[in-house]
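Structure first, commentary second.
Numbering (full-length UniProt numbering), first residue to last: 1 to 357.
This is the structure:
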């Protein structure tokens, strides 16, 4: 099966939680590294089937920066304690091998000392993958120039004999200058370099950074599934009655346990032949406000964005901004209508199970 890891500067997790769900539905990542989460301590963030560890950053009483790692609950995993002032969190997760994943955010206007970067890497159990927005420019990963942060990261790579997974694809869109840059990096231990395939999504998902995706295939790894359940609402009861009819011989046994086992097996076989079952796969992230109108708006938005990426003219950029505004307006209206309809459907006799489904 394919193991996917994702890293994305979300530019505000609360504001872009629905976009994060779109990324999850598309890639089904085992682990997601997030930067610039803008979360205040105590802010509660939940994504179905995922656990989260994070490091919030507060400056002048405002949430700024911040990082988080989200990982599937079904995979064995443990946090890695990091003693660092750098905005970074890490986990060890078992994906066919014990792998350390660290997400990091290095603000562009903050002084980062080389010793702090060295100290961080010294705490990461090998093999590891370092993912994040590092705001460094270097020809090593496709930049047209090299800045001081890029030189720092170069030194880190050379000193620790690390490898760059990036393939020179642009990962950041500077909307003011309408230029593309590579500042989101994937750095790994040399022993796992050949395992991973690096790609960049073509969609910004309403941020200014593209998600980066790491993928590798391992037939020995299986994503745990939920127990399958019979879907009784879709059962063919006539067929079940036919197949489940008991033969007197089944119960004419001296041993009561053997008779019980035979009857149970017979009924279950009848159910297998006449009642469909759930797939056992984990469901996609639920977005009840998504409808055909919004899907069409997203289609037009993606089309406008692709035109602008190929031909970065003012006209195409204006068309993209207009399509983005239309999609945002439809989304807000749909979410408002969905919530109002949900609240209106609640009655005095509505069961709590139905309310929270």
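Ideal Cβ positions, reconstructed from N, Cα and C, are used throughout, including at glycine.
Using a Cβ-Cβ cut-off of 9 Å, state whether residue i counts as contacting chain D.
i: residue 129; result: Protein chains in the displayed structure number just one, and chain D is not present.
According to the neighbour-count rule (16 or more other Cβ atoms, all chains shown, within 10 Å of its Cβ), is residue i buried or exposed?
i: residue 36; result: buried
i: residue 133; result: buried
i: residue 16; result: buried
i: residue 62; result: exposed
i: residue 205; result: buried
i: residue 242; result: exposed
i: residue 66; result: buried
i: residue 8; result: buried
i: residue 90; result: buried
i: residue 87; result: buried
i: residue 339; result: exposed
i: residue 258; result: exposed
i: residue 25; result: exposed
i: residue 122; result: exposed
i: residue 265; result: exposed
List the whole-angstrom C-beta distance separating residue i from residue j, where the pair is believed to meet the contact cut-off of C-beta under 8 Å.
i: residue 11; j: residue 175; result: The Cβ separation is near 11 Å, so there is no contact.
i: residue 38; j: residue 64; result: 7 Å
i: residue 33; j: residue 131; result: 4 Å
i: residue 229; j: residue 277; result: 6 Å
i: residue 307; j: residue 334; result: 25 Å between Cβ atoms; not a contact.
i: residue 165; j: residue 198; result: 4 Å
DSSP on residue i, reduced to helix/strand/coil?
i: residue 141; result: helix
i: residue 194; result: helix
i: residue 289; result: coil
i: residue 42; result: coil
i: residue 67; result: strand
i: residue 216; result: strand
i: residue 35; result: strand
i: residue 92; result: strand
i: residue 123; result: coil
i: residue 310; result: helix
i: residue 132; result: strand
i: residue 15; result: coil
i: residue 295; result: helix
i: residue 26; result: helix
i: residue 266; result: helix
i: residue 231; result: coil
i: residue 199; result: strand
i: residue 47; result: strand
i: residue 279; result: coil
i: residue 260; result: helix
i: residue 248; result: helix
i: residue 156; result: helix
i: residue 149; result: helix
Starting from the C-beta of residue i, find all residues in its chain whose C-beta is less than 6 Å away, skip the five residues before and the five after it, and write them out in chain order.
i: residue 304; result: 319, 320 and 323
i: residue 203; result: none
i: residue 2; result: 215 and 217
i: residue 248; result: none
i: residue 108; result: 135
Here's a check: name, in chain order, each residue in its chain whose Cβ is nearer than 8 Å to the Cβ of residue i, leaving out the five neighbours to either side.
i: residue 76; result: 93 and 94
i: residue 112; result: 86, 106, 149 and 152
i: residue 326; result: 297, 300 and 301
Could you pull out every residue in the same chain whose Cβ sits closer than 7 Å to the Cβ of residue i, ignoring the five residues on either side in sequence?
i: residue 98; result: 92
i: residue 396; result: Here the chain comprises residues numbered 1 to 357, so residue 396 is not present and cannot be evaluated.
i: residue 147; result: 136 and 137
| query | With contact counted as at least three CB pairs below 8 Å, one residue from each stretch, are the segment 46-53 and the segment 71-78 in contact? | reply | yes
| task | Give a yes or no on contact between the segment 265-275 and the segment 139-146, applying the rule of three or more CB pairs nearer than 8 Å. | result | no
| query | Three or more beta-carbon pairs under 8 Å between the segment 72-86 and the segment 100-110, yes or no? | reply | yes
| query | Counting Cβ pairs, one atom from each stretch, are 3 or more of them under 8 Å apart for the segment 191-201 and the segment 145-153? | reply | no
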